[in-house]
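See below for the structure under consideration.
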Amino acid sequence: MPFSVVPSARPRRLLLAALALLASAATAHEFWLRPARFVVQPGARVHVGRWVGQDFAGARWPGQSSRVEELVHLKPGNLRTDLTGAATQADSLQTTVALDLPGTHVLALRTNEALISMKAEEFTAYLKEEGLEDILYLRTRRKLTDKPAKEAYRRCAKTLLLAGSSPRADTTWRTRVGHPLEIVAEQNPYALRVGASLTIRVWRNHLPADRQLVQAWVRPLDGSPVQHLQLHTNLNGRAMLRLSQPATVLLAAVHMAPHPVPATADWQSIWASLTFAFPG
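Numbering (mature numbering (1 follows the signal peptide of the UniProt record, and there is no 0)), first residue to last: -28 to -1, 1 to 252.
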């Protein structure tokens, strides 16, 4: 099955509408990590913001440290540091990291489950917007299309940063952290040139996620409008994104299934994201 890339027709929302969504209970849209700087000198400390919204626009995530299940920092040489305890000592989550070694660094955050409830028509519209056609079909088959839905969702977000230059032997950028849904770069985006294509691979429960929809937002560094593409993975869980100009990039994917504990919720979703810069 070949790679598939489709320019998105998904409408961009007005800021007020986005803020209204963020203020509502139904906030299970894209969640991503946004460093103050993607490229720094070795030894620099970087604050990594947590954002939630749509179309690469939104607001700071209001979640408290109690929502964080794991926060890890992967350093060059695949050195893994668990930051969960230190980051969650206070109610407000702390996500400032020191990039002390030259090369690529990955910061990965995983949350626990949170619950949301939606009216039937709201849930149907939400499933259509996110491309969750299999859940739409399942609800129709089970005669649930006129029923409200309760969803348990969790976030799995990663960001890829660069300190100095990346040594040839550096492979941190392609290291999997073990999230239940995870997007992994198969080339180092900081080493690619304009016009190159970046292959990504999506893993679901440690297996390649075939036919997975991946939303891609590309924000050019020259200030031109954000581009939105829809990628579809092949049978090996891979998709390809052409990098036509220097930009910051957000990749996002969601998987939903019936909740294994029906008394808790009807559906369980996992939202994965990966952010990085492409200097070109």
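Beta carbons: idealized from backbone N, C-alpha and C, even for Gly.
Taking just the CA atoms, how far does residue j sit from residue i?
{"i": "residue 134", "j": "residue 96", "result": "40 Å"}
{"i": "residue 109", "j": "residue 47", "result": "43 Å"}
{"i": "residue -7", "j": "residue 21", "result": "Unreliable placement is indicated for residue -7, whose pLDDT of 37 sits below 50; the coordinate value is still reported in the next sentence. So the alpha carbons of these two residues sit roughly 16 Å apart."}
{"i": "residue 220", "j": "residue 115", "result": "42 Å"}
{"i": "residue 26", "j": "residue 141", "result": "36 Å"}
{"i": "residue -3", "j": "residue 139", "result": "Its pLDDT being 42, under 50, residue -3 is placed unreliably by the model, and the measurement read from it follows with that caveat. Their backbone Cα atoms lie some 43 Å apart in a straight line."}
{"i": "residue 191", "j": "residue 225", "result": "18 Å"}
{"i": "residue 59", "j": "residue 77", "result": "17 Å"}
{"i": "residue 92", "j": "residue 214", "result": "38 Å"}
{"i": "residue 157", "j": "residue 168", "result": "13 Å"}
{"i": "residue 100", "j": "residue 122", "result": "17 Å"}
{"i": "residue 198", "j": "residue 251", "result": "16 Å"}
{"i": "residue 245", "j": "residue 113", "result": "30 Å"}
{"i": "residue 189", "j": "residue 75", "result": "25 Å"}
{"i": "residue 228", "j": "residue 205", "result": "16 Å"}
{"i": "residue 153", "j": "residue 137", "result": "29 Å"}
Go ahead and label residue i buried or exposed: buried means 16 or more other beta carbons lie within 10 angstroms of its beta carbon, across all protein chains shown.
{"i": "residue 160", "result": "buried"}
{"i": "residue 111", "result": "buried"}
{"i": "residue 8", "result": "exposed"}
{"i": "residue 237", "result": "buried"}
{"i": "residue 184", "result": "buried"}
{"i": "residue 45", "result": "buried"}
{"i": "residue -9", "result": "Summary for residue -9: the model assigns pLDDT 39, below 50, so the residue's position carries little reliability, and this model does not support an answer."}
{"i": "residue 248", "result": "buried"}
{"i": "residue 36", "result": "exposed"}
{"i": "residue 241", "result": "buried"}
{"i": "residue 1", "result": "buried"}
Can you check DSSP and say which residues form a bridge with residue i?
{"i": "residue 20", "result": "7"}
{"i": "residue 95", "result": "BP columns for residue 95 are empty, so no partner."}
{"i": "residue 230", "result": "239"}
Which residues bound the beta strand (DSSP E) around residue i?
{"i": "residue 54", "result": "51 to 54"}
{"i": "residue 33", "result": "Residue 33 -> no beta strand (DSSP E), and no H or E assigned at all."}
{"i": "residue 192", "result": "185 to 192"}
{"i": "residue 250", "result": "239 to 250"}
{"i": "residue 198", "result": "Careful: residue 198 lies outside any beta strand (DSSP E) and carries neither H nor E."}
{"i": "residue 170", "result": "169 to 176"}
{"i": "residue 89", "result": "86 to 90"}
{"i": "residue 147", "result": "Where residue 147 is concerned, there is no enclosing beta strand (DSSP E), given that its DSSP letter is neither H nor E."}
{"i": "residue 135", "result": "121 to 135"}
{"i": "residue 156", "result": "153 to 157"}
{"i": "residue 71", "result": "68 to 71"}
With residue i as the anchor, note down where its alpha helix (DSSP H) starts and where it stops.
{"i": "residue 110", "result": "105 to 113"}
Do the stretch 178 to 186 and the stretch 122 to 139 make contact, defined as three or more Cβ pairs closer than 8 Å? Taking 8 Å as the limit for Cβ pairs, the verdict is that the stretch 122 to 139 does not touch the stretch 178 to 186.
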